Structures are given as structure tokens and as C-alpha cells.
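First to last, the sequence lines map onto chains A and B. Residue numbers 0 to 658, in numbering that gives the first Met the number 0, belong to the letters of the first sequence in order. Residue numbers 0 to 658, in numbering that gives the first Met the number 0, belong to the letters of the second sequence in order. Notes to accompany the following structure.
Protein chains: 2
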Amino acid sequence: MRLLELLLGRPLRSDEESVQRIGVLTAIPVLGLDALGSASYGPEAAMTVLLPLGGAATIWVRPITLAIVGVLTVVALSYAQTLPAYPNGGGSFTVAKENLGRTPGLLAAAALCTDYVLNVAVGISAGIGAISSAEPRLLPYTLPLCLGVLALLMIVNLRGVRESGLAFLVPTYLFVASLLFTLALGVWKTVVAHGHPTPVVPPPHLPPTVAAASLWLLLRAFASGCTALTGVEAVSNAVPIFREPRVHRARRTLAALAVILAVLLLGISVVSQAYGIGATEPGKPGYQSVISQIVGAVAGRGWFYFLTMGAVFSVLTLSANTSFADFPRVCRLLALDEYLPPAFAHRGRRLVYSRGIISLAAIAGALLIAFGGITDRLIPLFAVGAFLAFTLSQLGMVMHWRRTGGPGARRSLWMNAAGASATTVTLGVIVVSKFTEGAWLTVIVVPLLVLGFTYIRRYYDRLWGELGAPSPLDLSHLARPIVVVPLLRLDRVARKGLRLALSLTDDVRAVQVLTEEMMVEYDLRNRWPDLVERPARAAGLPVPQLVVIPSEYREFFGPFLGYLRGLAALEPERSIAVLVPELVRRRWYQFFLESRTTILKALLLLEGGPQIVVIDCPWYLRDELDEKLVTRPPRFRIGRAGRAARAAPASRSPGRAPS
Amino acid sequence: MRLLELLLGRPLRSDEESVQRIGVLTAIPVLGLDALGSASYGPEAAMTVLLPLGGAATIWVRPITLAIVGVLTVVALSYAQTLPAYPNGGGSFTVAKENLGRTPGLLAAAALCTDYVLNVAVGISAGIGAISSAEPRLLPYTLPLCLGVLALLMIVNLRGVRESGLAFLVPTYLFVASLLFTLALGVWKTVVAHGHPTPVVPPPHLPPTVAAASLWLLLRAFASGCTALTGVEAVSNAVPIFREPRVHRARRTLAALAVILAVLLLGISVVSQAYGIGATEPGKPGYQSVISQIVGAVAGRGWFYFLTMGAVFSVLTLSANTSFADFPRVCRLLALDEYLPPAFAHRGRRLVYSRGIISLAAIAGALLIAFGGITDRLIPLFAVGAFLAFTLSQLGMVMHWRRTGGPGARRSLWMNAAGASATTVTLGVIVVSKFTEGAWLTVIVVPLLVLGFTYIRRYYDRLWGELGAPSPLDLSHLARPIVVVPLLRLDRVARKGLRLALSLTDDVRAVQVLTEEMMVEYDLRNRWPDLVERPARAAGLPVPQLVVIPSEYREFFGPFLGYLRGLAALEPERSIAVLVPELVRRRWYQFFLESRTTILKALLLLEGGPQIVVIDCPWYLRDELDEKLVTRPPRFRIGRAGRAARAAPASRSPGRAPS
């Protein structure tokens, strides 16, 4: 408990939530990290595909980048139409569900979830890749470093990071400014040197050409590069967090993001071609990220290099943080529609959706481990989810405009249709060209997720159906249950159990299951009249019955459950309460000493059937009880949580209690 | 269940046990496997210590063997005195406990347990070592092979192997016969060749001498070689299993074992010296056991070689089986005296002490894994336990004869005193010389085990003290409990719970723990009069009270337990039964959907205190219920176990049931 408090901070009361609205300058870091950060790995992903071309790769980078920027423009314009239509947040799930129906909505949600998980993995591993480029001695520790950053992000997000969005300002603008400066300097040097600038730090030699450029290779490079577009949809989700006029501010944010991203992408393509920079084999010795090569070639490896690489690392890591903000929200929307368990919609001790955060970290961690922490192998998995969500969202908007009509609807419809076409084509290219490299996994995972959501929804539908609506209590034929008390000796534990049983009902059966060997020592039949029947009669209570069941096979559970089954068949109208007198063991090592009651309770629950009820009558060893009473208060934080509760029983007016 | 039946066979009724008594010829394999098998690793262990002497080692083997045979003679004569004194089985634990007191008895038991565990590990790994000598390609698989044999032994013993002792006959006598033949042939060839026979298959060259013989080295070799004596005590334990006159037969068995063992040890020393055979580095490539070298050198590598090595493997593996027979019996004796949990004294489904067998296999398996399956590293741990048990047993017998007196007591006393001295000296040598090689572990483990036994005994002493003797039921001040029903909605699950609560008591409190967000949707206060109070009044029942507890921190457990604590303080004389309406999830994957009731029940048990009782009111989804009713009979084997039980409820005379 202490450790938890230290890591996550004190619990927050529900009324401690403060809503802050933001403007464009703040929104760019808060919502744009994901989009901007992808500028640093998108081009590199495309160039990695072009590796077999060797030196010839550089001439292909620019046309591919132009195609990507084209798609970016269409997508951004298209999302600009979504903003006014869904001023309360038009995530792909909402837009697709409302306009296309349940299954497309779930498909979009599943694609988004996949996308967010992969964004965490890719963001962190690209960030670690960036600092490994600056400091190659870190290369062997890629995976542990990735997992460390992941754990840190999870803890920070479990603490709640609404305010910390502001802390993103510095690295984001540093990233944008230093990269823009580098690229501008590079372009200027290129122009001055008539297209052939001399690198300050020469980039690694491009590998020898082992293949000719083919349409197939170029399509694959384009598909990989399209990961640079992920994160563009974030603004559409978040209109409510803007200050008024919020749609206007949201649009300006979206435009600013798209422009910066486009400039970065184009600049990278120009400078890398001029300096002859290509990708290096990821995960191999000598690996150096494209950004690192560019900064080194343009500005050398001085303080500016390390400043820029630090900003890249921060932004990539923080871009993973975007997922931590959005994934739990998608999960919450799913949980509200009962496609996920309700716990995903509950706010945890720090008012964040803890279940979603933990799930995200767990899945991303598993992915990082499975792929050894290397970005490049994760990217094929990545773009499919993102572009599927894009496409469904745009298609949903097309249907939206068709339905609503009105002034400007026609124009918006065409914009969204253009966006939908562009993303559909891109999605097709990605799926086809990346299929064998891992995209098949996403193609399988997303529908499986949809099936899972549907299963959970059906489960809850059936559950609520069976649980029924509130209705008046039916108290007809209310009979006291038969209470069955399994016992071996008539010791204090058993006597406490029998007392309780007699306080609950008038039909108590004590059951001894005895093997032949135990008959002599344990059989209570001779002593039962003295020890139990006489005191019961004296107290004017019904007499508990003793049943001795022989156990041929030295088993307890079989004969006992058999007896219960027979009893249930004889008395089909009555509840049968099995009262388990249990010696509570509070120390872990005492669990080795015996645990039969635990098994009995589990068996009764799982196999007992609707007539059977289990009563657990605990009995504590005296010294442990003393110790327990001493340590009790801190365990439940009675100071806070218990305050209201302790007051409760004081009000005894039936039906009303203080709230 | 099916798999269990296949592996272990059908359960046995208690009356299916058949006791068979045996004679000398059968007793030698049943009781002597451990003793005889150690002939094949004892000498090798000594020679391994002598490795640094190189070729000079061979001249030291004979004096060391003579010393070991001397100790063997004294120990055997000493045990011969124990047999008539304890005709019902005089294991070290019994003899030490009865004659020396509680702590020496436990010390002997702990030493024996350690010895048995190590015997399993050493026996199996030596057996695997023997076949690896014949087939070196098996060497890399030493550990998996060891664990496989261990698992097999565990399963065979869980099935119960009383009869299978007879199956030991063939390999045991084959082992004795083939080894005796080899050694005789070797001696004969040596004599014929005037002390310098030509090996059929030359043994590996002895390594170069890197050290001179020192007393220290020779003592260590002697200490290692003394492992050949383990198992000699088995007969003393098992007098009751002989046909009458049992003491006579037991003595003859002991004598036969001692003589065969002595001959084997002496023969090995003579032949190995004549052929220049020494140990090879264990666990290294080129390893070959001493027995394998001897058989190869004397008789070549024909069918006879493989026959002999097969017999060695069988005997070593089966000698591990001796521990499986004896360890559970020692555990049972300890459990009867409450130094171990009673489960160790219960016979399992096949009438064997399953708990002891499984524990033995688990510990031996852990040891094999820790030591990588190599015998030699385990041997230093081994001899300490065995000789400590020897010594305590002999000392106990000395006290026994002093106490009883009578004709022959004096002679027996001196014999046992001689045995005690010999084993004490040997024990001293072993502990000192093997201390740094691992014997310190045994020196720590044995006292720790004694402490553990003592802790368990004290726990049960205190337990029975607190549980008290059977006494008449005290039914004064019997009040019906307050039943608290935590609920969220008034659905079927909750209604079943409330119905049950009203059938049990007249004071029912329904408790809703609500966060601010939940207040609107779930607060039942407005509907409570209609849905619950009116039906209760109409049925003439006391009215259940509704308590709504606000949860500032969105927590359930804290506020609810705080409420219970307040209630318990207000009503210190009454029991408080928490009735948990529980939706039973019978499929594993549904446990992901929610498990709050499980946590609640555990918290209530561990932290609730003596006033709190837990009532578990299960509610099943309809289709799972149907399925359950269909599959129910086979699950509990109602055919067998349920037979007697089903008959039970038919007899309703209070206090008597069919037995």
C-alpha cells in the first residue's frame, strides 16, 4: 500500500477533477506529439525498404515523400470536415458506429486499439533507437531500455497526466525548431554547394546495389512511409478540450500540424538526397537513424546534435504517451456500450481509467519483448490499423453528410470522399505490400478483436437478460434452509459452527465423513446425545442431526458432495446451506499445512447447483486475532474510507441512510 | 480425472490392502537395493577424490576400501543387535526418539529425510551415469533423463508398488551375479598374468600426477567412499515384513547384504588396481564410470558388457525406489507425532502415502536441477545425513541396552557402542573433510528441518489447545445474526440473496456502496419501499433496511469494510453475516470479466474478525446450469463415491446414520 502511494500519489476524490481547456499553442504538443513524432520514423521506414537499391535509393525518396504528403493533405482536409460535425469528439469509433453501424464501429475501435498499442511500441523503440544512434554503446540494451520507458509511462499515466500536457511544450517545440533549423541549414548548404554539399560528419556509405527499383519495392516503401501519417486523427477526437470557439481552434491546430509535418517530411527527403543519406540496417552494429545522420552531416556532432537527438527521443517517447491518453478512452467507450467489462469505464484511485492503462502497457510490453524492441519489425503491423480507422472514419463522414445534407454538406461530402478514397487506396497498398511482413497479423487480430468485443457484449446482454430488471421481492414459500455442517471433531471451531447453524435455522445436519481407520477415534455417534442433543433440548432448540458417512476410498469430497446431492434431491424446494467451520490461516506458510476448506468451497460453488449456499464460519487463532486487531486500522485506511462508513449505521431509519 | 486414472490406476478401497510377508531371498532385492547399488558409486566417489594423484592413485584404493569394509562390518554387527530389540521396526527415528529423547529423534528423522532425498538424486544420476558410460551420446541429456526417471518413479510409487518388490528380483540378482562374475574373472586373470593382466578394452589413461598423497586427501577419499554404506540400515526398519521367525530371517538378510557388499567393494579395489583403472572427471567429455571401465577391461564390450551395465542402471534407479518406500513412512511417523501436517499420514487413492511421495519427488527434482544431474557433486551432501542417522540409531541402542539389561544385553551394548564409535568417527571425518564441498549444506539443513518439525508441532499443540476437547454445546445467548447484503442493482442475483437473508434472520441490511457518478443510476432509496419493504410487510416478515454508503474514492472494499467494522462495534454481541450474492462463472475466461466477490470473500475472511461470517449465495447463468446438470455425475464419480452417500439421507433417525 505504501509503495503504491509513493508510485501513484494519494487517491483523488471524485470532486477533485479540474477541467482545463486549451488553445492552439498548447494543443500542438498535447494532440500533435504522435503526428509530429512520426516524421522521424516514417521516412526512415521507407528508406529501410529501399536498402537493396543501395546508392540508387536516394533518387526515389523524393517521389515517395511527395505521394505521402499528398495523402497527408487529403486526410487533413478530410478530417477538417469531421471537426464541426462532431464538436463533442468524433473519434473513428463514434463516427463509424453512428454512421455505418455496429460492426464497422467495432472494426474501427479494434483498428484504433491495435494502432494505439503499436504506437506505444513503435514510439518507444524509435525513441530508444534515436538515443542509441547518439550513443551506440546503448545498442545491446535496446529491449530493457524500451521496457523501462514503458514502465515509466505507465506509472506516470496511472498517476494522471492531464496537467502534464503542458510539460510536453518544451520538447515538442524544441523538436520542431531544431529539426526545421537543421533542414533549413541543410537546404541552404545544398543550394550554396550547387547540390553537392560536404557533410560535416560523413554519413555511413550506402550499401552496394543488390536489386533494381521495381514498382513492388516502391509500393512497399510508400506503405512503410505512410506510418508518418499516424496521429493525424487525434485532433478530431479532442474537440471538447479546446477553448471556444473550439471548432475554429481545432481546425487551426489540425492545419498547423499538417503543415509542419509536411515540411518536415519534404525537408528530410531533400536533405537526405543531397547528402547521400540512406537507412542503415536496423538492429545491426553500425545502425544509425536517418535523423541522426542528417543532423550529423548538416551540423556536425556538437552540442546541437545532442540537443536535437534529445528532443527526438523525448518526442518519440512522449508520442507513445498519446496512446496512453487515448487507448483508455476508446476502451471506456467500448465498456460503456458493454463491449468490454465495466471495469474499463471505472476511474481508478487517481481518476484515470487505470484498467485501460495497465492493459495497454501489458500488451505493448508483450509486443516489445516479442519483437526484441526493434521498431522496424513492428511498423508493418502498424499502418494497417491506423489506415483502417482513417478509412472507416472518412466513410462514416461521407454517410453523415449524405444523411444531414444542408449548406456546405455537399462540399464536405466530397472532401471526405476524397479522404476515404486516398486512405482506402493507401490501406490496400499497405495490406498487399506488407502482408507477408506481418500485416497479416493485424488482418487477423483486428477481426478477432471485433469477435471478442461481440462475445463480451453478448455475454452481458444475456447476463442482464437473465438478471432481469428490478422487480418487487417475491417472498412466497419462504422456508428456512437446511444447514449442513461438515465436521470431524466437536472442537471449538465446530461448536462455533453448530451455534451459528442453530441461530439460522431449525434443521441442522452435522456430517462426519469417516474412513474405516478414523471410525474408532472420531465417530461422534455415542457422544452426540450428551454433547449436542441434550443442550439443544435444554435451550428449547431443534435437535441437530448427526450423519456419519463412510468413505471407502479415504476421500472427503466425493462422499460429502454425494450426500448433498441426495439431500437436494429429497428436498427440492429448500435451500441447503453448507456451513464450513474454517480455521483461518493468516500466514502464507500456514497454507502448506492444510487447505481443504478452500477446495470444498470452490467445489460447492462450481458444482453445487442453485440449491446450495455456502456459509463460511471463520475461527481465528487467539494470538493472530490480537495481532490483527492491532494492525487493522492502517490496512483499510479507516481514516479516510472508513469515515463516512462509520457514520452510516448510526442512522437506523429503514430505507434511508446518510449519503 | 481420466488422465489421473490412467496414470495411477483406479482408487483402491481401504479393505483392498493385502499384506505379504517375505523371506530372505525376496528381502535382498526389496531391502538391499540401496545398499548393493551403492557398491557401484561408492568406490568411484573415492577414486574421484584421488584424481589429482594420477597413476599413483591405484595403490591407495585398497587401503581405503579396507577401512570402509571395516566400518561396514562394525555397522552391520551393530544393526544385528537392533533387530531383536525392535522386532516391529526400529528405524533411526524410533530408536533415537525412544532412547535418547525428542530432539535426537527429530535429528535422526531429519537426517534420514535428507538421506532419502539425496539417495533418490544420487541413485538416479548414477544410473543415468552408468548408461551414459555405455552410450556417450546420451551425456548431454543427463538432466532431462534424470528428471524423466524421477517422474516415472513417482508415478509408479503413487500407483503403489508393494507387490512390485518381486519385480526387483531379476535386476538385483543379475547385478550381483554379473558383477561378481566380472570381478572373479578379473581376479583370476590377474593371478594368471602375475598381477599384470592385459585389458580387453584398455581403460582411459590415468591423468598425470599433480599432487602427492596427503592424509587430508586420503581422508576425503575415505569419506566419499563411505557412501557405499548407505542403505545398510534398511533391514532394521522392516523386520515386520519378514515371515516368522522374522528376527532370524532379518539377521540373515542383513548378513547376506553385508557380505555381498564387502565382496563387491574388495573385488572392485583389487581389479581396478590390477588393471590400472581410476576415475574419470565426472560431467566432462570422455567420462566413463569405474564399473564400465572394469567390465570393459575384464570382459570386453560384448553383450555381457551391456547386460552388466543394464543391470547397474536398473539397480541404481531402483535403489532410488527404496527411498520412495521409506521416506513417506518416516513422514508418516512424523505426522502421527504431529511434526508434519496430518495429510502425510493419510493414505491416498492407491493406499500409499501420496503426500510424502510427491514431496520426495519434488525435493529430489529440485536438487537434480540445481546440481545439473551430476552425481559427484551431490555425494558430499549425502553421507552426512546417512551417518548421522547411523550414529544416533547406534547411540540409541546403547541407551536401550543400558536400560533394559538382561542376558546378552552387555554384549549387545558393546557391539552397538563399537558401531556408534565407528560411525561417529566416520561422520566426523566426513563432516570435516567434505565441509567445504557441500557438507556444510547438510549441516545447516538438518537442524533447520528439526526446527521446522518443532514449529509444526508447536503450531498443532497450540491449535489443539485452543480448539479444546469435545464439550457440550453452549447455546446460551443464541441470537440470530445480522445479515448484511452488499448489492448494486435489485436484479435476480440480489433478490435471491435478499430472499435467503430473510429466511435466515430478522435483521437484514442491504448495502449499496455508490460513487457520486453512480448515485443517479443505481441509488435504490426511492424504489426500496415499493420493491422490498411492501412485499416484506405483506409476507409478515421484518423489513430489510437499505444503507447507501458514498464512496469518495470510487472504491468498494474500503467503505464497505468500514461499515462492517462500525456495525460490529455497535453490536458486539451479535454475529454479522455478510451474504455475498455471487454470479458463478464456470469458464476460465470469464474470470477476466469480474472477480470482485472473490476478493471480498478473501478480505472478509482474513481481516473480518470473529464476528464476521460469510454467506456465499451463488447464482448460475441458465445455460451453464443446464450443462452442469448434464455433466455432473461423472465429475464426482457418483457411481462409486456417491453410492453410500446417497443412501445416507434416507435414514432420518436423529443422531444415527448408516455407516
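All C-beta atoms in this analysis are idealised placements derived from N, C-alpha and C, irrespective of residue type, glycine included. Computed from a predicted structure; not experimentally measured.
What's the call for residue 195(A), buried or exposed, on a 16-neighbour Cβ count within 10 Å?
Taking the first residue of the first sequence as position 1, residue 195(A) is located at position 196. Per the 10 Å Cβ criterion, exposed.
Three-state secondary structure (DSSP) of residue 626(B):
Position 627 of the second sequence, counting from 1, holds the residue named residue 626(B). Residue confidence for residue 626(B) is low, a pLDDT of 44 falling below 50, so the modelled location carries little weight and cannot support an answer.
Is it buried or exposed, residue 403(A), if we count other Cβ atoms within 10 angstroms and call 16 or more buried?
Working through the first sequence from its first residue, we reach residue 403(A) at position 404. Exposed.
Any idea what DSSP makes of residue 239(A), helix, strand or coil?
Here residue 239(A) is taken as the residue at index 240 of the first sequence, counted from 1. Three-state result, residue 239(A): helix.
My output table needs one value for residue 429(B): the three-state DSSP class, helix, strand or coil.
Position 430 of the second sequence, counted from the start, is the residue given in the question as residue 429(B). Note: residue 429(B) maps to helix in three-state DSSP.
Nearest chain B C-beta to residue 338(A) closer than 9 angstroms, yes or no?
Taking the first sequence and counting its residues from 1, one reaches residue 338(A) at position 339. It does not; no Cβ of chain B falls within 9 angstroms.
Mark residue 702(B) as exposed unless 16 or more other C-beta atoms lie within 10 angstroms of its C-beta, in which case mark it buried.
For residue 702(B) there is no data in the structure shown, the boundaries of chain B being 0 and 658.
Integer Cβ distance of residue 78(B) from residue 232(B), believed to fall under 8 angstroms
By 1-based counting over the second sequence, the position of residue 78(B) is 79. By 1-based counting over the second sequence, the position of residue 232(B) is 233. Indeed, because the Cβ distance is near 6 angstroms, the residues count as touching under 8 angstroms.
Does residue 131(B) come within less than 9 angstroms of chain E when only Cβ atoms are used?
Absent from the structure: chain E. Protein chains present are A and B.
Where does residue 73(A) fall in DSSP's three states?
In the first sequence, the residue the question calls residue 73(A) occupies position 74. Helix, per DSSP.
Pick helix, strand or coil for residue 620(A), following the three-state DSSP scheme.
Against the first sequence, residue 620(A) aligns to sequence position 621. For residue 620(A), the secondary structure class from DSSP, reduced to helix, strand or coil, is coil.
Check whether chain A comes within 9 angstroms of residue 156(B), counting only Cβ atoms and requiring the distance to be less than that.
In the second sequence, counting from the first residue as 1, residue 156(B) sits at position 157. Residue 156(B) does not count as touching chain A.
Rounded separation between residue 659(B) and residue 352(A) - CA only:
Outside the displayed range of chain B (0 to 658) lies residue 659(B), so it cannot be described from this structure.
Could you name each continuous alpha helix (DSSP H) segment of 4 residues or more that falls completely within the stretch 532-612 of chain A, going from the start of the chain to the end?
533-537, 556-569, 595-606
Following the continuous beta strand (DSSP E) through residue 506(B), name the residue where it begins and the one where it ends.
If you number the second sequence from 1, residue 506(B) lands on position 507. It spans 506-513 - the beta strand (DSSP E) in which residue 506(B) sits, taken as one unbroken run.
Below 7 angstroms CB to CB, which residues in the same chain sit around residue 190(B) once its five sequence neighbours on both sides are set aside?
Reading the second sequence from its first residue, position 191 is the one you call residue 190(B). Only residues of its own chain outside the window of five on either side were considered, and among them none has a CB closer than 7 angstroms to the CB of residue 190(B).
With three or more beta-carbon pairs closer than 8 angstroms as the criterion, would you say the stretch 516-527 of chain B touches the stretch 566-579 of chain B?
no
What does the alpha-carbon distance come out to for the pair residue 538(A) and residue 531(A)?
Here residue 538(A) refers to the residue found at position 539 of the first sequence. Here residue 531(A) refers to the residue found at position 532 of the first sequence. Answer to the nearest angstrom: the Cα atoms are 11 angstroms apart.
In whole angstroms, give me the CA-to-CA distance for residue 438(A) and residue 381(A).
Working through the first sequence from its first residue, we reach residue 438(A) at position 439. Working through the first sequence from its first residue, we reach residue 381(A) at position 382. When rounded, the distance between both Cα atoms is 8 angstroms.
Do you know how far the Cα of residue 21(A) is from the Cα of residue 240(A)?
Within the first sequence, residue 240(A) is the residue found at index 241, counting from 1. Within the first sequence, residue 21(A) is the residue found at index 22, counting from 1. About 6 angstroms.
Would you call the CB atoms of residue 546(B) and residue 498(B) closer than 9 angstroms?
Residue mapping note: residue 546(B) aligns to position 547 of the second sequence, counting from 1. Residue mapping note: residue 498(B) aligns to position 499 of the second sequence, counting from 1. No, the pair does not count as a contact, with Cβ atoms beyond the cut-off.
In whole angstroms, what is the alpha-carbon distance linking residue 205(B) and residue 304(B)?
Here residue 205(B) corresponds to residue number 206 of the second sequence, with the count starting at 1. Here residue 304(B) corresponds to residue number 305 of the second sequence, with the count starting at 1. Cα to Cα, the separation comes out at about 22 angstroms.
The alpha helix (DSSP H) that contains residue 123(B), what's its start and end?
As a working note, residue 123(B) is residue 124 in the second sequence. Note, residue 123(B): alpha helix (DSSP H), 101-133.
Residues of the stretch 322-346 of chain A with Cβ closer than 9 angstroms to any Cβ of chain B, in chain order
340, 341, 342, 345, 346
Segment contact, 8 angstroms Cβ cut-off, at least three pairs: the stretch 89-107 of chain B with the stretch 389-400 of chain B
Yes, the stretch 89-107 of chain B touches the stretch 389-400 of chain B.
Going by Cα to Cα distance, which pick from 490(B), 513(B), 481(B) is closest to residue 501(B)?
In the second sequence, residue 501(B) corresponds to position 502, counting from 1. Of the listed residues, the one whose Cα sits closest to residue 501(B) is 481(B).
Could you tell me the boundaries of the alpha helix (DSSP H) in which residue 169(A) lies?
Numbered from 1 along the first sequence, position 170 holds the residue referred to as residue 169(A). Unbroken alpha helix (DSSP H) run through residue 169(A): 168-191.
Of all Cβ atoms in chain B, is any one closer than 9 angstroms to the Cβ of residue 450(A)?
One-based indexing of the first sequence puts residue 450(A) at position 451. Chain B contact via Cβ: absent.
Please state if the CB of residue 181(A) and the CB of residue 270(A) are separated by a distance shorter than 9 angstroms.
Along the first sequence, one-based indexing puts residue 270(A) at 271. Along the first sequence, one-based indexing puts residue 181(A) at 182. A contact, by the Cβ cut-off of 9 angstroms.
Looking only at DSSP bridge pairs, what is residue 482(A) linked to?
Within the first sequence, residue 482(A) is the residue found at index 483, counting from 1. 507(A), 576(A).
Based on the DSSP output, what are the partners of residue 259(B) in its beta bridges?
If you number the second sequence from 1, residue 259(B) lands on position 260. Residue 259(B) is not bridged to any residue.
Within 9 angstroms, strictly: CB atoms of residue 51(A) and residue 216(A)
What you label residue 51(A) is simply residue 52 of the first sequence in a count that begins at 1. What you label residue 216(A) is simply residue 217 of the first sequence in a count that begins at 1. It is a contact, given that the beta carbons lie within the stated cut-off.
Going along chain A in order, which residues have a C-beta closer than 8 angstroms to the C-beta of residue 498(B)?
In the second sequence, counting from the first residue as 1, residue 498(B) sits at position 499. Ordered by position in chain A, the residues that pass the 8 angstroms Cβ test against residue 498(B) are 472, 473, 474, 477.
If we count the other Cβ atoms within 10 Å of its Cβ and call it buried at 16 or more, is residue 638(A) buried or exposed?
Indexing the first sequence from 1 puts residue 638(A) at position 639. Caution is warranted here: a pLDDT of 36 is assigned to residue 638(A), below 50, making its placement in the model unreliable, and the coordinate value is therefore given only provisionally. Burial call: exposed.
With 9 angstroms set as the bound, which would you pick, yes or no: does the beta-carbon of residue 283(A) sit closer than that to a beta-carbon of chain B?
Taking the first sequence and counting its residues from 1, the one referred to as residue 283(A) is at position 284. Closer than 9 angstroms: no.
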